[in-house]
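Notes for the one structure printed next.
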Amino acid sequence: MRFTITALLALLVSTPPASARPSAPPEYKKIEKLYSGDQTITGETIRYPDGDPVNIRSLVVTLKPGEKTGWHKHGVPTYGYILSGDLSVDYGEKGKRIYKAGEAFMEAMDWWHDGSNDTGEPVRVLVVFMGAKGHAPVIRKGAPK
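For the working numbering, count along the sequence shown from 1 and bump the result up by 1.
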């Protein structure tokens, strides 16, 4: 009887609740749009201190293993946060960097760069473009000269 109670307690302690068990992986979406607009939650128009109208966008970018972003630069300040995986970014003559899950950074603006997933797992990045109307958040061209 003592063994049965001990075994039952061990099973209960070692089995995570259903909410803690891994769930099915989310459906693959390369880009999940999170926010795009120019108003606060209360309907106020967001303005920069000098009065320029803003255009803030947030999204989640997912790269499958081996996938690349392509060479690009940003016309507006861009915040990145690695949700999962590792993102390699080639900044040409400025070198390469690897950003890991949990790392946040303000991305290069007027500098060509190419992101890639060089691992065997997807990488997911929260990207927030802090732009103004009339300014492209992403500018695509060929590799830097």
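Every residue, glycine too, gets a C-beta built ideally from N, C-alpha and C.
- [ ] Give a yes or no on contact between the segment 53-67 and the segment 95-108, applying the rule of three or more CB pairs nearer than 8 angstroms.
- [x] As far as the Cβ criterion goes, the segment 53-67 does not touch the segment 95-108, which means the pair count is below three.
Open item on the list: For the beta strand (DSSP E) containing aspartate 91, name the first residue and the last one.
Closed with: 87-91
- [ ] Look at the alpha carbon of serine 147 and the alpha carbon of glutamate 104, and state the distance between them as a whole number of angstroms.
- [x] In the structure as shown, the chain begins at 2 and stops at 146. Residue 147 is therefore absent and cannot be evaluated.
Task: Where the beta strand (DSSP E) containing valine 129 begins and where it ends - done: 124-133
Task: Candidates Met107, Ile83, Thr79 and Pro123, of which the one nearest histidine 136 by Cα - done: Check the Cα spacing between histidine 136 and each of Met107, Ile83, Thr79 and Pro123: the tightest is with Thr79.
Task: Extent of the continuous beta strand (DSSP E) to which glutamate 68 belongs - done: Looking at the DSSP string, glutamate 68 is not in any beta strand (DSSP E), and its letter there is neither H nor E.
Task: Segment contact, 8 angstroms Cβ cut-off, at least three pairs: the segment 46-54 with the segment 117-126 - done: At 8 angstroms Cβ cutoff, the stretches do not touch.
Task: Counted within 10 angstroms of its Cβ, other Cβ atoms place serine 37 as buried (16 or more) or exposed - done: exposed
Open item on the list: Please identify the residue among Lys30, Ile57 and Tyr29 whose C-alpha is closest to the C-alpha of isoleucine 42.
Closed with: Comparing Cα positions, the closest option is Ile57.
TODO: Answer with buried or exposed for proline 54, where buried requires no fewer than 16 other C-beta atoms within 10 angstroms of its C-beta.
DONE: exposed
TODO: Please state if the CB of alanine 109 and the CB of lysine 74 are separated by a distance shorter than 8 angstroms.
DONE: yes
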